[in-house]
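The listed protein sequences derive, respectively, from chains A and B. Just so it is clear: in the first sequence, position 54 is 54 by this note's numbering, and no numbers are missing. Just so it is clear: in the second sequence, position 160 is 349 by this note's numbering, and no numbers are missing. Heads up, the beta-carbon is just placed ideally off N, CA and C, and yes, glycines get one too. Since this is a predicted model, take the numbers as computed values, not measurements.
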Amino acid sequence: MKYSAVVIGVSAGGMNALGKILPALPENFVLPLIIVQHVSPQSDNYMIRHFDSISKIKVKEADEKEEIIPGVAYFAPPNYHLLIEENRTFSLSTEGRVNYSRPSVDVLFESAIYAYCSGLVGIILTGANNDGSKGLKMIKDCGGLAIVQEPSSAEVSAMPEAAIKLSKVDYILKLEEIGPLLVKLSKEK
Amino acid sequence: MKSKQELLNENENIEIELFLQAIYMKFGYDFRNYGKAHIKRRVRHRLTVSDFNSVSELIHKLLYDHMFYQDVLQDLSITVTEMFRDPDFYLAVRKEVVALLKTYPFIKIWHAGCATGEEVYSMAILLKEEGLLKRSQIYATDFNQMALQKARNGIYPIDRIKEYTQNYQKSGGKASFSDYYSARYESVILNESLRENIVFADHNLVTDGVFGEMNMVICRNVMIYFDKELQDKVIRLFYDSLVPGGFLCLGSKESLRFASLADRFDVTTERQKIYRKKFETL
Ligand SMILES: C[S@@+](CC[C@H](N)C(=O)[O-])C[C@H]1O[C@@H](n2cnc3c(N)ncnc32)[C@H](O)[C@@H]1O
């Protein structure tokens, strides 16, 4: 398979945005999705349970040292950075905020590159800061694929705009188009 | 065929292994079983800050500049912490643990990886409010000397106090948080009386031994930086340090699930990660 994992960074407006993408994936979707959604440090796992209930794939919070399984969507826990080990398990860190964020999209993306390199698909969605744009550029530099939500269709356009500004992204899409593209990419050899 | 990036990464991984080996051989600090992603992130951070081109240059600097290892140790240990972090954890200690501690005439507590001390003082406040502080001996340890010195001083920036006050209230605090500190310019200094029963000491979880006869061991957000093997070894160290019926408290995203000694502990609360060493009947 050409791609082995999808990483997603999203901030303000994420509830709605991911609510369009995750339910669009079929039960037999073969790539793992690893998601950093900026949330407040004390938030509970309501959002994750919600996405799990409306999606055909399994959605859960990433556990420390957990092995990454294809076809599962993982969320970074609130108040921790999420990193991917080269043996494709998760690590957590309480390092200070990066881009004012913990979890930070850049931290996830950067570690994902060492684990997946050119087999990585990176996606930046709606949000109010520029977390993730450096990470997306690194994904591009490594030969991976970069997808960004079309800024004018985003609830908050700053994060997609920052990502587009920093790297030559492969796709700029509306939310409805992202799920079907992921299905297509997951089948590429 | 491997891409250029993959080859570079492969080489960098080798260099990082050599770097960790050099730190161990020269200074005795053993990071070889820390999580690789974390180490790599911190090493790359150092490369950027000090403007090095490769990890090999870092190794050279480490070996020939005898002050540099101090910077490296700071890089590799994350000391970010706060007072009453995860207030629900402290609430659970009050509800599930305190009653049992009260049955002991004398209580020994070990905070392993106490960083700059905020967590230790939080526990001291809790114990004081539960009438237990006077008969407690708290050992607060870390391998980071700079962090330990800050912990000893008990002086913290005033701009965090609002957050800590909220945490304290949520944690089941019985008094007013401002009773426990005095403000001075940009800082607060915690009351001397909280410190009387605390001993701060240098201790490395990887290479140093047990602290005997503990009633409670608190090690939160330290083992997330270790690989599975090292986690297992350190949990054994805690097991050996605890009295039967003693409590082990981990961070909110840690667990005994993967530990080979898991069945030697009872679960007091899985949600707040409080476990209790079983009374073995052999
Ligand atoms: C993120 S802090 C945790 C602070 C506090 N327990 C909390 O949860 O807020 C991690 C601490 O573990 C310490 N540490 C890391 N490896 C250690 C080791 N091998 N021995 C002792 N302390 C260690 C670091 O120096 C750092 O102060």
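Residues of chain A with CB closer than 8 Å to the CB of residue i, please, in chain order.
i: K229/B; result: S111 and Y114
i: F447/B; result: K65
i: N410/B; result: T94
At 7 Å on the CB atoms, spell out the chain A contacts of residue i, in chain order.
i: G224/B; result: E85 and S91
Check whether the Cβ of residue i sits closer than 7 Å to any heavy atom of ligand 1, and report yes or no.
i: Y279/B; result: no
i: E308/B; result: yes
i: G343/B; result: no
i: I347/B; result: no
i: I463/B; result: no
i: F332/B; result: yes
i: N410/B; result: yes
i: E394/B; result: Strictly speaking, residue 394/B in this sequence is Leu, with Glu absent from that position. Yes - ligand 1 has a heavy atom lying nearer than 7 Å to the Cβ of L394/B.
i: R274/B; result: yes
i: S476/B; result: Outside the displayed span of chain B (190 to 471) sits residue 476/B, for which this structure offers no information.
i: Y357/B; result: no
i: A304/B; result: yes
i: Y414/B; result: yes
i: V399/B; result: no
i: S266/B; result: yes
i: V269/B; result: yes
i: T94/A; result: yes
i: A336/B; result: yes
i: G435/B; result: no
i: G127/A; result: no
i: G440/B; result: yes
Interface residues of chain B around residue i at Cβ under 7 Å?
i: Y80/A; result: K442
Taking Cβ positions, are residue i and residue j nearer each other than 8 Å?
i: F389/B; j: A329/B; result: yes
i: S153/A; j: L181/A; result: no
i: Y3/A; j: P32/A; result: no
i: A304/B; j: A336/B; result: yes
i: K225/B; j: E64/A; result: no
i: I105/A; j: G13/A; result: Rather than Ile, the amino acid found at residue 105/A in this sequence is Val. Result no, Cβ atoms of V105/A and G13/A do not sit closer than 8 Å.
i: L251/B; j: V261/B; result: yes
i: I123/A; j: V6/A; result: yes
i: S133/A; j: A112/A; result: no
i: L108/A; j: V36/A; result: yes
i: T126/A; j: A17/A; result: yes
i: K466/B; j: G434/B; result: yes
i: N410/B; j: T94/A; result: yes
i: I248/B; j: A211/B; result: yes
i: P102/A; j: N130/A; result: Position check: residue 102/A holds Arg in this sequence, whereas Pro was assumed. No, the Cβ-Cβ distance between R102/A and N130/A is not below 8 Å.
i: L321/B; j: K284/B; result: no
i: E443/B; j: K462/B; result: yes
i: D429/B; j: V399/B; result: yes
i: V377/B; j: I424/B; result: no
i: E307/B; j: Y345/B; result: yes
I'd like to know if residue i contacts chain B, where contact means its C-beta is closer than 8 Å to some C-beta of that chain.
i: G143/A; result: yes
i: T94/A; result: yes
Can you name the residues of chain A whose CB is closer than 9 Å to the CB of residue i?
i: Q194/B; result: I113, C117, S118, D141, C142 and G143
i: I413/B; result: E64, K65, Y80, S91, L92, S93 and T94
For residue i, would you say it is in contact with chain A, using Cβ-to-Cβ distances shorter than 8 Å as the test?
i: I248/B; result: no
i: K417/B; result: yes
i: N198/B; result: yes
Chain B partners of residue i, CB-CB under 9 Å?
i: P77/A; result: S441 and K442
Contact criterion: CB-CB distance below 8 Å. Does residue i meet it with respect to chain E?
i: I212/B; result: Of the protein chains in this structure, namely A and B, none is chain E.
- prompt: Between the segment 263-276 of chain B and chain A, which residues of the former have a C-beta closer than 7 Å to a C-beta of the latter?
  reply: Listed by position along the chain: I267 and V269.
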